[in-house]
Every structure is written in structure tokens, then in C-alpha cells.
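Trainee: Can you keep this structure in mind? I'll have questions shortly.
Spelled out as C-alpha cells, the structure:
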């Protein structure tokens, strides 16, 4: 299968809140996981396969791997641009992320998450993504 | 019914973590809600009616009212004593809380939460606490 | 002084995220404190006296009292309207909040927070709000 | 330099709280970052170089890289064992983590974090760990 980078991607913005800051007056590193989920939700909405549709399709998709690379810090009131892109889907759903300063496009964080399908009925992990994901993506299974 | 203050009470301790601090280097005021839930869980375990038993009994008990009074701040590494006590139960479950510095007993926060039973089957709010709560408390319904 | 309700008010919206849900699939009650802070930030920006300007003015304004009344629950993907209004300012800064469903205006949560000024230099609590607050509000001290 | 695995390691336990659960009734994947920080704090206390001592030494140590591998899920009331071990220190501080079920030792999560020193005075990142870290670890700089 021919991977087309950017074929399924989304972006949104968020505003750094006081409650996400640590004593260094920067966003605590663990809170970036929320930013990833915000833009992942926007991305999954574009393919009509977010949390509600996943459950309705008989699958949950837990995150099994997550990596974050912190390049710069974010501070109070800063407007952040959040980008997400599906980069793998055949056996697992891998999404890459880039968080930048919305004004300057300066890079702040790079990240990726990997999710696998678990069939709700059997609680078994799927070693190939279920047909519903291919349908939602509009591609043929390999 | 004769209310016996302290009849159902519990205490535990927690350690202030870095991720709960705000830029003032004190615990962000919203994170005290977690401390309340930690000691409420200990209290509800003592009457064998915590989240799991609530669901098994056919009821959920959402918080409908919460009040916090902040007296002093808590800082990194501080050991806190958390106390909770059931003060009402006949028509709703009201719990009072006191958070103190574990070493000095200096008061940090006072709080209360009020929960009501909702029957899972009907989604209806109960205007009198269901019999299971009285059984767990070992008291007769009024 | 003649209190004009609504003279200083603000509103914004937020989208319920997966990470704010609890096992009941509704927003965990403690996370509403974040919603309060989001709209309080918008409100304080309108009078140019948010966190950064507070510190620059020589004062911090910790929350000393917070009350929340939960009327209905909020669920995944719901769009919420957040409103905040300054209702007291002379000796303390009291803000009332109303959170509603953005589409139906159905009430979800009512809340209030009270903050007092602490002078950074002396660490002393102010029993009357400092002149800077009256300047920012454009009113004369009483 | 001869790396001695396990030379600097620590363990502690934590109890899964309701507020850390998601709608699947398991700990939301992002909240494991808190568990990492809890045991990292215990580990850094053993070498007397936790947040307070870091600042006093003139350095902050932001996390620049974090990886988590989720093996199994954790549920309400579960007791977790958290382990951390320093595995690199010469140019950066890398810590590996293992989270297991406290009773069965079943593996739940593996993770690592990498921190680098930034000199507070100059805001410059250190490409070699500052002497204070070697002193705290009781080893000679390479």
C-alpha cells in the first residue's frame, strides 16, 4: 500500500491555561498528552471514527505506545497550533503530532501515539486493523 | 434520628506532588478536589459502599454540591492529613472534610460534598436515600 | 456603591474532551474547576487584570472560597457555554459562573469563587481590595 | 565509566483513584505521567537532588523526552508498584520506569524520561551534566 503523508490530517488551536502551568511557569510536561488528545479528536471526527463511533463499531482503541519530544516550553496565555496526521493504519493506528506556537510556528513538541483495536465482545486484541477502519479511511485493506 | 458526629469518619495522608503545583509553587486550588475524593474513598471503603458496591446496588451517587474554603496553602513535598466524616445520609449523602498539615495539624482547607442517589435502571433521582445506604451504615431508615 | 450586575461579565465556549470524562461517561465533577478558570481568564482579560498583570501590580489573588452546584451532567463532545460575572470587588473579588449547554442553554452548573489580594512584598492579605483593582474596573474606591 | 544498573533505583506504591479513570473504567493513558513523577520524586529524594535542591543548585531539569509503553490496563482500587532507576547521567538524566500490579507483579507500563540541565542564570542547556549531579550520585565525572 502506498502511504500518502498528509492524506488524513487535522489541526486545531488551544490556549495555554493557568491550571496547566507548573512552578517554572511553563506547561507541565505531562499535560501535553491532553493537547495530543484534543487534536486527535478533531482528526478522528474528520473520518467519522471518534470514541462514540469506535464503541458503536464494536471496538475500543487503547493507546499502547506514546512518545513525546519536548523542544521548547509553552507559557501562560500562549496560543498553540496542534497538528495530527495518521501515518499507519493497517495493523495499528499510529498518529504523529506537531505542536507549534500559533503565531511564529516555532516548534514546541513532537509526539506520536499508537493505538490498537480490541474487540469489545471478545476482549481480544486485533493484529490487523478491523475492516471498519479501512471503510472510514476509504481505502482497501491490504 | 440522633446524629452522632464522627460515627462514620476516616482519615488518610497524601504527599504534595510537583504536578499539583501552580506557578505560585502552591497546590492549585482545583486539585484539592482530588484530595477530597482520596479520603472519601477511604471513608466509603469503611462502610463497604464505594464506587463498585454503589454500582452493584443499582445506584450511582453523583456529587451535586461542593464547597471548599481555603485557609492556607500547601507546598511541594508537604505531607497532608485528610479527614472525612459523613454528616447527613437520610435524603442525601453529605460529607465534611478537613485537610491539615500532617506534622503541625495546621488547617489548610475545609470542604463539603453532597451526593444524591440516582437509580441506574430508571435514571431517576431518589429524594430519600435508598435502603442499601442505611444497611451499609447499620442504621434504621427514619 | 451601586452594584451593576453584568457590568463586568464574559463568556466563552469549551468542548468536552475524553480526558475529562469519568467511568459514568460524564465530566468528572472536579474538572469543572478548570472550566471556571477558563472563563475567569477571559473575564480578567477584559479588564486587563489577569495573572500576569496581577503579579506586575504586586499582588496575587488566591481563591479562598469556591462553591459549585451541579444541575445536570455533561458528556463527550458536548459544547458548553461558560459565563462569568464579577459580583463583588470592594474587599474581595467574587465571581459567579453559569455553565450551560451551548445549543439548548440548558443549565449544567452554577458556581462562585472568591479571591482576596495578598501583597507579594509583605505576604499580607488585604482586607480592602488594592487601588489597582478599582482602576482596572474603572470605579472609585468606596 | 562503568554503568551499574540498579545502583540508583527506588520504588513506591500508589492506589488507583476514581478521578484517574476514563469511560473504559481504566486509568486514562495520560495519567501514567503522574505515576512516573511520583516515583521519580522518591528516587531523586534518595540522592538528595529533587526539585528543591535542583533549584538551589542553580539548575532546572526539564523533561525533553518521554516514552511510555502500555502493556495492560489498571482499574479502580488497584494497588500499583512503581519502580524507577537512573540509567544515564553523564550528559543527561535518563530514568527507566516499570509499573506493575503490586500483588501479582504483572507488568502494566514501561516508560522512560530524559531530562537535561538548564542553568537558571544563563537559561542555557548543559551538554554535560553539571558537577552537582555527579556529587549527588557520588561518582566522578567522566
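Chains as they are written, first to last, in my numbering: chain A, 44 to 185; chain B, 44 to 185; chain C, 44 to 185; chain D, 44 to 185. Cβ coordinates follow ideal geometry from the N, Cα and C atoms, glycine included.
1) State the start and end residues of the unbroken beta strand (DSSP E) segment that holds residue 125 (chain D).
2) Helix, strand or coil for residue 74 (chain D)? Go by DSSP, reduced to three states.
3) Return the CA-CA distance between residue 46 (chain C) and residue 182 (chain C), expressed in angstroms with no decimal places.
4) With a cut-off of 9 angstroms, does the C-beta of residue 77 (chain A) fall near any C-beta of chain C?
5) Excluding five sequence neighbours on each side, which residues of the same chain lie with their C-beta closer than 8 angstroms to the C-beta of residue 114 (chain D)?
6) Please classify residue 103 (chain B): does DSSP put it in a helix, a strand, or coil?
7) Can you name, in chain order, every residue of its own chain whose Cβ lies under 6 angstroms from the Cβ of residue 140 (chain A), other than the five neighbours on each side?
8) Quick one, are the C-beta atoms of residue 121 (chain A) and residue 72 (chain A) less than 9 angstroms apart?
9) Helix, strand or coil: how does DSSP classify residue 165 (chain D) here?
10) Kindly indicate the opening and closing residues of the alpha helix (DSSP H) around residue 136 (chain D).
11) Under DSSP, the beta strand (DSSP E) around residue 56 (chain C) begins and ends at which residues?
12) Leaving aside the five residues before and after residue 144 (chain D) along the sequence, list all residues of the same chain whose C-beta is less than 6 angstroms from its C-beta, in chain order.
13) Suppose the cutoff is 8 angstroms on Cβ atoms and the five residues either side in sequence are ignored; what does the same chain contact list for residue 81 (chain A) look like?
14) Per DSSP, which one or two residues make a beta bridge with residue 69 (chain B)?
15) Return the first residue and the last residue of the alpha helix (DSSP H) that residue 180 (chain A) is part of.
16) Could you check if residue 166 (chain C) is buried or exposed, using at least 16 other CB atoms within 10 Å of its CB as the buried criterion?
17) What's the call for residue 147 (chain D), buried or exposed, on a 16-neighbour Cβ count within 10 Å?
18) Taking Cβ-Cβ distances shorter than 8 angstroms, what residues in chain C pair up with residue 95 (chain B)?
19) Indicate the three-state DSSP secondary structure (helix, strand or coil) for residue 108 (chain C) in the structure shown.
20) Please decide whether residue 27 (chain C) counts as near chain B, where near means a Cβ-Cβ distance under 9 angstroms.
21) Can you find a CB in chain B that lies within less than 9 angstroms of the CB of residue 168 (chain C)?
22) Using CA atoms only, rank isn't needed, just tell me which of A:179, A:103, A:70 is closest to residue 117 (chain A).
23) Can you pull the DSSP bridge partners for residue 89 (chain D)?
24) CB-CB under 6 angstroms to residue 135 (chain C), same chain, minus the five flanking residues each way: which ones, in chain order?
25) When burial is assigned at 16 or more other CB atoms within 10 Å of the CB, is residue 53 (chain B) buried or exposed?
26) With 16 other CB atoms within 10 Å as the buried threshold, where does residue 50 (chain A) fall?
27) Exposed or buried, what is residue 44 (chain C) when buried is set at 16 or more other beta-carbons lying within 10 Å of its beta-carbon?
28) Would you check if the stretch 58-67 of chain A and the stretch 83-96 of chain A touch, i.e. whether three or more CB-CB distances between them fall below 8 angstroms?
29) Starting from residue 155 (chain B), follow the beta strand (DSSP E) in both directions and report where the run begins and ends.
30) Got a sec? Which residues, its chain only, sit under 7 angstroms from residue 100 (chain B) by beta carbon, not counting five neighbours each side?
31) Using 10 angstroms around the beta-carbon of residue 171 (chain B), count the other beta-carbons present and answer buried if the total reaches 16, otherwise exposed.
32) Using a beta-carbon distance below 9 angstroms, is residue 90 (chain B) in contact with chain D?
33) Can you tell me the Cα-Cα spacing of residue 97 (chain A) and residue 177 (chain D), whole angstroms?
34) For residue 152 (chain A), would you say it is in contact with chain B, using Cβ-to-Cβ distances shorter than 9 angstroms as the test?
35) What in chain C is Cβ-close to residue 80 (chain D), meaning under 9 angstroms?
Mentor: On the basis of the coordinates in this document:
1) 122-131
2) helix
3) Per-residue confidence for residue 46 (chain C) stands at a pLDDT of 46, beneath the threshold of 50, marking its modelled position as unreliable; the derived number appears in the next sentence. Using only the alpha carbons, I get a separation of about 11 angstroms.
4) yes
5) 150, 151, 152, 153
6) strand
7) 79, 127, 154
8) no
9) coil
10) Premise fails: residue 136 (chain D) lies in the beta strand (DSSP E), 136-144, not in any alpha helix (DSSP H).
11) 52-58
12) none
13) 55, 57, 125
14) B:118
15) 174-180
16) exposed
17) exposed
18) Per Cβ cutoff of 8 angstroms: no residues; residue 95 (chain B) is ~10 angstroms from chain C at best.
19) strand
20) A query on residue 27 (chain C) cannot be resolved here, the shown segment of chain C reaching from 44 to 185 and no further.
21) no
22) A:70
23) Partner(s): none; residue 89 (chain D) has no beta bridge.
24) 157, 159
25) buried
26) exposed
27) Confidence is the limiting factor: at residue 44 (chain C) the pLDDT is only 40, short of 50, which leaves the residue's position unreliable, though a coordinate-based value still follows. Residue 44 (chain C) should be labelled exposed.
28) no
29) 150-158
30) 175
31) exposed
32) no
33) 50 angstroms
34) no
35) Per Cβ cutoff of 9 angstroms: no residues; residue 80 (chain D) is ~17 angstroms from chain C at best.
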